[in-house]
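For reference, the structure discussed in these notes is given below.
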Amino acid sequence: MSGSVGWRHDPRRRAVLAVGVLVALLAGLMGWIVVAPESTGVTFPDGRVASEGETRAVPGGGSYAFLQTQADGETPVAYDPCTPVRLVVNERLAPDDADAVLERAVAEVREASGLDVRVVGRTDDPPQSHLDDPEDGDGWRPVQVSWTDADEVEELEGRVAGLGGSTWIERDGVRRYVTGEVMLDAPDLVDGGSGGEVATGVLMHELAHVLGLDHVDDLGELMHPSSPRSSWGPGDRAGLAALGDAPCST
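Counting from 0, one number per residue, gives the positions in the sequence shown under numbering that gives the first Met the number 0.
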């Protein structure tokens, strides 16, 4: 995945760390597919650049930013709000409270964005195993959430506790997220304790990246790269609501 975002643990509380990972460009699906573009932008083979959005202020305080925008530089790339955002979970190293963590994080993301984010099943597929085949026989693969570790995903080495991002396609000049992936460093998050609060905050943060939010410099937002929060700030909510307000694809 490219430009995914990782959480790490701070000696005082917790922090996040942006990491750069593999950029995958795939062709042959009626448009270019870009896996998890991050704020540096992604260059297409013909030289076009998918630009990220600028930080936007929220009246009364708060800020948010989009990972990618449409060609107008304003409208965010987002999932189709008229289609459920389906999740499957790999529980290989899931902690005992993983179901509760997932339920709380998904509920928070669903409420803030208005998108129909839903868990549809479990999977034994390893993380990043579908970067070269994001479609299956029934269409786009669900977003995969994997409880994993640094042995399986080397980008989680050290204090990075999570990675997340989405794949987008461009058709008829419109960019749309179609699938994605979250990878959680289970040993780090289990050690974090706090009754699942840390893990829930990490998963919320990564799912927000999946839906299209970027980092901001505002410490009052969960999307700050060193945020001590475990709940949405006003900018997080405004950004997620905007992502959920995208036009339907059909």
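We put the CB at the ideal spot given by N, CA and C, even for glycine.
Contacts around residue i, its chain only, beta-carbon distance under 7 Å, and the 5 residues preceding and following it disregarded
{"i": "Ala93", "result": "Trp146, Ala185"}
{"i": "Ala97", "result": "Glu90, Trp146"}
Extent of the continuous beta strand (DSSP E) run through residue i
{"i": "Arg170", "result": "161-170"}
{"i": "Val177", "result": "173-184"}
{"i": "Gly120", "result": "116-121"}
{"i": "Ser145", "result": "142-147"}
Rounded C-alpha distance that separates residue i from residue j
{"i": "Asp171", "j": "Thr249", "result": "13 Å"}
{"i": "Val119", "j": "Glu153", "result": "27 Å"}
{"i": "Glu205", "j": "Leu212", "result": "9 Å"}
{"i": "Gly230", "j": "Leu218", "result": "Here residue 230 turns out to be Ser, not Gly, going by the sequence shown. When rounded, the distance between both Cα atoms is 12 Å."}
{"i": "Gly234", "j": "Val215", "result": "9 Å"}
{"i": "Arg140", "j": "Asp95", "result": "26 Å"}
{"i": "Val116", "j": "Gly157", "result": "30 Å"}
{"i": "Thr74", "j": "Thr68", "result": "5 Å"}
{"i": "Val142", "j": "Pro224", "result": "23 Å"}
{"i": "Gly164", "j": "Ala77", "result": "12 Å"}
{"i": "Asp123", "j": "Gly60", "result": "43 Å"}
{"i": "Asp131", "j": "Arg85", "result": "19 Å"}
{"i": "Ala241", "j": "Leu155", "result": "30 Å"}
{"i": "Arg228", "j": "Thr199", "result": "11 Å"}
{"i": "Ala268", "j": "Gly179", "result": "The requested residue 268 is not part of the displayed model; the chain covers only 0 to 249."}
{"i": "Gly136", "j": "Asp79", "result": "20 Å"}
{"i": "Leu188", "j": "Gly195", "result": "8 Å"}
{"i": "Leu210", "j": "Ala106", "result": "14 Å"}
{"i": "Pro254", "j": "Ser128", "result": "Because the chain is modelled from 0 through 249, residue 254 falls outside the range shown and cannot be assessed."}
{"i": "Gly138", "j": "Met222", "result": "30 Å"}
{"i": "Val173", "j": "Ala245", "result": "11 Å"}
Cβ-heavy atom distance, residue i to the ligand MN, below 7 Å
{"i": "Thr54", "result": "For the ligand MN, the structure offers nothing, since it holds no ligand at all."}
Chain-order list of residues whose beta-carbon lies under 8 Å from that of residue i (same chain, five-residue window excluded)
{"i": "Leu202", "result": "Val100, Leu101, Ala104, Val144, Gly161, Val181, Leu183"}
{"i": "Pro126", "result": "Asn89, Gln143, Ser145, Thr147, Glu151, Val152, Glu180, Met182"}
Own chain partners of residue i with C-beta closer than 6 Å, once the 5 adjacent residues on each side are dropped
{"i": "Leu239", "result": "Ala111, Ser112"}
{"i": "Glu134", "result": "none"}
{"i": "Pro83", "result": "Asp115, Arg117"}
{"i": "Glu220", "result": "Gly232, Gly234, Asp235"}
{"i": "Cys81", "result": "Cys247"}
Residue i vs residue j beta-carbon contact at 8 Å
{"i": "Ala70", "j": "Glu53", "result": "no"}
{"i": "Arg55", "j": "Glu90", "result": "no"}
{"i": "Ala237", "j": "Val108", "result": "no"}
{"i": "Trp167", "j": "Val177", "result": "yes"}
Boundaries (first-last residue) of the alpha helix (DSSP H) holding residue i
{"i": "Arg85", "result": "Premise fails: Arg85 lies in the beta strand (DSSP E), 84-89, not in any alpha helix (DSSP H)."}
{"i": "Val100", "result": "97-112"}
{"i": "Val57", "result": "It is not in any alpha helix (DSSP H) - Val57 carries neither H nor E in the DSSP assignment."}
{"i": "Thr199", "result": "196-210"}
{"i": "Asp235", "result": "233-243"}
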